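Colleague:
Number of protein chains: 2
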Amino acid sequence: MSEAPHLTFDLDKPDMSKGHLVVPKGADCEALSLPVFSLNKGEGPQLLITGGCHGDELEGPIVARRLFEWLPEAQTCGRIIVVPVLNPPAVLACTRNTPIDGLNLNRVFPGRSDGSVTERIADAVSRTLLPLADTVFDLHSFGLTWDFPPSSTTHPIADPILMAKTLQMAEAFKLPMTLVWEHPGSPGMFDTLAQNQGKVFICAEFGGGTVNFDAIAIYEAGLRNALIALGLVEGKPDYPTFRQQKVTQTLETRRSSDELKSPGRGIFEPRCSVLDEVKQGDIIGAVYPMDSFAADAIYIRAPQTSIVYAIRSGAYVDVEEGVALVARTLNH
Amino acid sequence: MSEAPHLTFDLDKPDMSKGHLVVPKGADCEALSLPVFSLNKGEGPQLLITGGCHGDELEGPIVARRLFEWLPEAQTCGRIIVVPVLNPPAVLACTRNTPIDGLNLNRVFPGRSDGSVTERIADAVSRTLLPLADTVFDLHSFGLTWDFPPSSTTHPIADPILMAKTLQMAEAFKLPMTLVWEHPGSPGMFDTLAQNQGKVFICAEFGGGTVNFDAIAIYEAGLRNALIALGLVEGKPDYPTFRQQKVTQTLETRRSSDELKSPGRGIFEPRCSVLDEVKQGDIIGAVYPMDSFAADAIYIRAPQTSIVYAIRSGAYVDVEEGVALVARTLNH
Numbered sequence: 014m015s016e017a018p019h020l021t022f023d024l025d026k027p028d029m030s031k032g033h034l035v036v037p038k039g040a041d042c043e044a045l046s047l048p049v050f051s052l053n054k055g056e057g058p059q060l061l062i063t064g065g066c067h068g069d070e071l072e073g074p075i076v077a078r079r080l081f082e083w084l085p086e087a088q089t090c091g092r093i094i095v096v097p098v099l100n101p102p103a104v105l106a107c108t109r110n111t112p113i114d115g116l117n118l119n120r121v122f123p124g125r126s127d128g129s130v131t132e133r134i135a136d137a138v139s140r141t142l143l144p145l146a147d148t149v150f151d152l153h154s155f156g157l158t159w160d161f162p163p164s165s166t167t168h169p170i171a172d173p174i175l176m177a178k179t180l181q182m183a184e185a186f187k188l189p190m191t192l193v194w195e196h197p198g199s200p201g202m203f204d205t206l207a208q209n210q211g212k213v214f215i216c217a218e219f220g221g222g223t224v225n226f227d228a229i230a231i232y233e234a235g236l237r238n239a240l241i242a243l244g245l246v247e248g249k250p251d252y253p254t255f256r257q258q259k260v261t262q263t264l265e266t267r268r269s270s271d272e273l274k275s276p277g278r279g280i281f282e283p284r285c286s287v288l289d290e291v292k293q294g295d296i297i298g299a300v301y302p303m304d305s306f307a308a309d310a311i312y313i314r315a316p317q318t319s320i321v322y323a324i325r326s327g328a329y330v331d332v333e334e335g336v337a338l339v340a341r342t343l344n345h
Numbered sequence: 014m015s016e017a018p019h020l021t022f023d024l025d026k027p028d029m030s031k032g033h034l035v036v037p038k039g040a041d042c043e044a045l046s047l048p049v050f051s052l053n054k055g056e057g058p059q060l061l062i063t064g065g066c067h068g069d070e071l072e073g074p075i076v077a078r079r080l081f082e083w084l085p086e087a088q089t090c091g092r093i094i095v096v097p098v099l100n101p102p103a104v105l106a107c108t109r110n111t112p113i114d115g116l117n118l119n120r121v122f123p124g125r126s127d128g129s130v131t132e133r134i135a136d137a138v139s140r141t142l143l144p145l146a147d148t149v150f151d152l153h154s155f156g157l158t159w160d161f162p163p164s165s166t167t168h169p170i171a172d173p174i175l176m177a178k179t180l181q182m183a184e185a186f187k188l189p190m191t192l193v194w195e196h197p198g199s200p201g202m203f204d205t206l207a208q209n210q211g212k213v214f215i216c217a218e219f220g221g222g223t224v225n226f227d228a229i230a231i232y233e234a235g236l237r238n239a240l241i242a243l244g245l246v247e248g249k250p251d252y253p254t255f256r257q258q259k260v261t262q263t264l265e266t267r268r269s270s271d272e273l274k275s276p277g278r279g280i281f282e283p284r285c286s287v288l289d290e291v292k293q294g295d296i297i298g299a300v301y302p303m304d305s306f307a308a309d310a311i312y313i314r315a316p317q318t319s320i321v322y323a324i325r326s327g328a329y330v331d332v333e334e335g336v337a338l339v340a341r342t343l344n345h
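So the protein lines, in turn, are chains R and G. My numbering numbers the first residue of the first sequence as 14 and each following residue consecutively. My numbering numbers the first residue of the second sequence as 14 and each following residue consecutively.
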């Protein structure tokens, strides 16, 4: 029988403690040791911060790792557990899914102790760390071939009280965008598992494309705002500057009708920028077939008046592949 | 015996003509048909524009394909041959090298008619299109995991007259940056082949990371400026706006001493932006080992007063992997 997932250190010690979360070995690979640190300042909110669920989204691991440098001074109460990289094999390979078993870690929660490596990571996190938290910040990005504004996101939640608490927490990041994202129930998401246990779960989508200096400053400011709102850190929250403005907006999008797909194969050219307002029929992008100049460019048009939330960048797209996501102001 | 590479249409016809460059089949794959168009307006400069040499650099193919829409009206003399995608298998796979044989197209020129597919593409271009041009614009980018300003680049050329002509042409793009890039002679580059034949060859490095609307506008403006400078298109050249400024600068860099490498493995965090001026010892970035919090972050520092030209974004880097490129003003 394989060993159980476990922590190599005592999280209940006061102040800083650090060590590893051990994900037991299986048939497909050896045991993994995920670096974890905990800052325990007594009574107060119990927060879990995770990054690196997908290996091609590196803002989260960077911002989470940087907490190690400033949080010990800043935190005044409660406990914060930080796991900068949930999925080391995916980060090493710079791939969304785990290269060993091809699985998406954010689709296999709560995981299986006798499953493949991605399922064993999910099982270790679900059993060892999740029970210790009342709030979870899972730090994602939108991947390399998309443009996406820094956002805190959530999905619609059946329980209206938890929905209100979650939306309030998402807005407390004061990132340029807060997004309520309705999409067809994907089983195995970390979000759903935590929410079903009554926890506040925020998925920060820290942009897409390039990880740059300015973007990291925005993400760190957003995370600090959220920690202040939780009462874990003292200070005055402030809107980070995005495109020379201190803006904030809460939007909603439905994956079923607001995700625009390419009707053909080709190279996608964005014809607008994220957060542009578009009217019905406006051109959002063009798809250039690569086979011949005889085939005209295919134009992707806005289905209705909306805001361009995400747009594909630098990609050869297939038929029915998503190229943009539009959204509307949330009335709440 | 396999057929020879050939064009399916007559390039000498006046005005617009279009068709394909056929790269013969070989042991590893069927024949490829690369879409090509030509605009023949009589006497004047003979220009070849190519994109998509590397499959993860899609600005070039987009800007080259867009020429099809505005060049017929704009061009007044000479001939322009456009191949938006030199390497279709690499673009389909979104990879730098050709997935079929693993080769870098820009390291196998002049190619081989009996070689693998990448060598056959190089052979077809070298034999069929290159002899028809006195000037070549090869439209590259810097790849998905780098931040890089829109630039026209060249390498030092032994012949001082060709060097001066080439630098003048590079600066005529009026892109934010012109770069003279000295690096250890890499055999098989398209640049070197063309320059050895006395041609002016400009490698436009259209940035890195995200292909977005604003960036494409800059690249297209740069290409239009170059066409005006060549006398192929009428109009007034103008500096495109980059980061709210109309800037231009010519810099030089040496790959041997100006490429900063990571001394360790980890996630790279950029601590500055491209075009920032740094002094000796300034921190350019940090590498976070992923194994443990016991290992400190490794800081990458500027070796001397210089300008950060390119910086890695969103990557797990290995020992000795490049993370930044610095440069200095070229005195000329």
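For every residue, glycine included, the Cβ atom is placed at its ideal position computed from N, Cα and C. Just so it is clear, the structure is predicted and the values come from calculations on it, not from any experiment.
Take residue 44 of chain R as the anchor and find which of R:151, R:185, R:101 has the nearest alpha-carbon.
Modeller: Of the candidates R:151, R:185, R:101, the one whose C-alpha sits nearest the C-alpha of residue 44 of chain R is R:101.
Colleague: Of the residues R:50, R:32, R:73, which one's Cα is nearest the Cα of residue 93 of chain R?
Modeller: Residue R:50 is the option with its Cα nearest to residue 93 of chain R.
Colleague: With DSSP as the reference, please indicate the residues paired to residue 252 of chain G in a beta bridge.
Modeller: Paired residues: none, contrary to the question.
Colleague: Where does the unbroken alpha helix (DSSP H) through residue 178 of chain G begin, and where does it stop?
Modeller: From DSSP, the alpha helix (DSSP H) with residue 178 of chain G extends over 173–185.
Colleague: Residue 327 of chain G versus chain R: which residues are under 7 Å apart at the beta carbon?
Modeller: Going along chain R in sequence order, the residues near residue 327 of chain G (Cβ under 7 Å) are 71, 157, 223, 224.
Colleague: Out of R:135, R:125, R:129, R:104, which has the shortest C-alpha to C-alpha gap to residue 118 of chain R?
Modeller: The shortest Cα separation from residue 118 of chain R among R:135, R:125, R:129, R:104 belongs to R:135.
Colleague: Three or more C-beta pairs closer than 8 Å, one from the segment 224–239 of chain G and one from the segment 250–264 of chain G: is that the case here?
Modeller: Cβ pair count under 8 Å is three or more, so yes.
Colleague: Listed from N- to C-terminal order along the chain, which residues in the segment 175–198 of chain R have their beta-carbon within a distance smaller than 9 Å of any beta-carbon of chain G?
Modeller: So nothing in the stretch comes that close.
Colleague: Are any of the Cβ atoms in chain C nearer than 8 Å to that of residue 42 of chain G?
Modeller: Of the chains in the structure shown, none is chain C; the protein chains are R and G.
Colleague: Comparing alpha-carbon positions, which option in G:230, G:177, G:83, G:271 lies nearest residue 255 of chain G?
Modeller: Comparing Cα positions, the closest option is G:230.
Colleague: Consult DSSP for residue 139 of chain G and reduce its assignment to one of helix, strand or coil.
Modeller: DSSP places residue 139 of chain G in helix when its eight states are reduced to three.
Colleague: Could you pull the start and end residues of the alpha helix (DSSP H) that residue 80 of chain R belongs to?
Modeller: That run of the alpha helix (DSSP H) goes 72–87.
Colleague: Given this structure, state the Cα-to-Cα distance separating residue 190 of chain R from residue 54 of chain R, to the nearest angstrom.
Modeller: If I take the Cα positions, the gap works out to 31 Å.
Colleague: Which residue comes first and which comes last in the alpha helix (DSSP H) that contains residue 151 of chain R?
Modeller: No alpha helix (DSSP H) holds residue 151 of chain R; the beta strand (DSSP E) holding it covers 148–153.
Colleague: Out of G:70, G:159, G:82, G:331, which one is the CA nearest neighbour of residue 106 of chain G?
Modeller: Among G:70, G:159, G:82, G:331, the Cα nearest to that of residue 106 of chain G belongs to G:70.
Colleague: To the nearest angstrom, how far is the alpha carbon of residue 282 of chain R from that of residue 75 of chain G?
Modeller: If I take the Cα positions, the gap works out to 7 Å.
Colleague: CB residue 61 of chain G to CB residue 175 of chain G, shorter than 8 Å?
Modeller: Contact flag unset, no.
Colleague: Going along chain G in order, which residues have a C-beta closer than 9 Å to the C-beta of residue 54 of chain R?
Modeller: Within 9 Å Cβ-Cβ: nothing; residue 54 of chain R doesn't reach chain G, min ~18 Å.
Colleague: Check the C-beta distance from residue 166 of chain R over to residue 216 of chain R and give it rounded, since I have them as a contact under 8 Å.
Modeller: Indeed they touch by this definition, with Cβ atoms about 5 Å apart.
Colleague: Over the uninterrupted beta strand (DSSP E) stretch that includes residue 273 of chain R, give me the two end residues.
Modeller: Note, residue 273 of chain R: beta strand (DSSP E), 272–274.
Colleague: Any Cβ of chain G within less than 8 Å of the Cβ of residue 407 of chain R?
Modeller: Lying before the first or after the last residue shown, residue 407 of chain R is absent from chain R, which here runs from 14 to 345.
Colleague: So, is the C-beta of residue 36 of chain G closer than 8 Å to a C-beta in chain R?
Modeller: With 8 Å as the cut-off, residue 36 of chain G does not count as an interface residue toward chain R.
Colleague: Quick one, which of G:314, G:315, G:300 has its alpha-carbon nearest residue 308 of chain G's?
Modeller: The shortest Cα separation from residue 308 of chain G among G:314, G:315, G:300 belongs to G:300.
Colleague: Which residues, in order along the segment 96–124 of chain R, keep a beta-carbon less than 9 Å from a beta-carbon of chain G?
Modeller: Residues 97, 98, 101, 104, 105, 106, 107.
Colleague: Buried or exposed: where does residue 258 of chain G fall if 16 or more other Cβ atoms within 10 Å of its Cβ makes it buried?
Modeller: So residue 258 of chain G counts as exposed.
Colleague: Going along the chain, which residues of the segment 238–271 of chain R sit with their C-beta nearer than 9 Å to a C-beta in chain G?
Modeller: So the close ones are 257.
Colleague: Using the beta-carbon of each residue, which ones in chain G are nearer than 8 Å to residue 275 of chain R?
Modeller: Those do not exist, as residue 275 of chain R stays about 14 Å from chain G at its closest Cβ, beyond 8 Å.
Colleague: Are the C-beta of residue 229 of chain R and some C-beta of chain G separated by less than 8 Å?
Modeller: Yes - at least one Cβ of chain G is within 8 Å of the one on residue 229 of chain R.
Colleague: Using the Cβ count rule (16 or more neighbours within 10 Å means buried), how would you classify residue 213 of chain G?
Modeller: That one is buried.
Colleague: With a 10 Å radius around its C-beta and 16 neighbouring C-beta atoms as the bar for buried, classify residue 294 of chain R as buried or exposed.
Modeller: With fewer than 16 Cβ atoms within 10 Å of its Cβ, residue 294 of chain R is classed as exposed.
Colleague: Counting only C-beta atoms, is residue 48 of chain G closer than 8 Å to chain R at any point?
Modeller: Yes, because at least one Cβ of chain R sits closer than 8 Å to the Cβ of residue 48 of chain G.
Colleague: How would you list, in chain order, the residues of chain G whose beta-carbon sits under 8 Å from the beta-carbon of residue 81 of chain R?
Modeller: Per Cβ cutoff of 8 Å: 306.
Colleague: Would residue 74 of chain R pass as an interface residue toward chain G - the criterion being a Cβ-Cβ separation below 8 Å?
Modeller: For residue 74 of chain R, the answer is yes, since a Cβ of chain G falls inside 8 Å of its Cβ.
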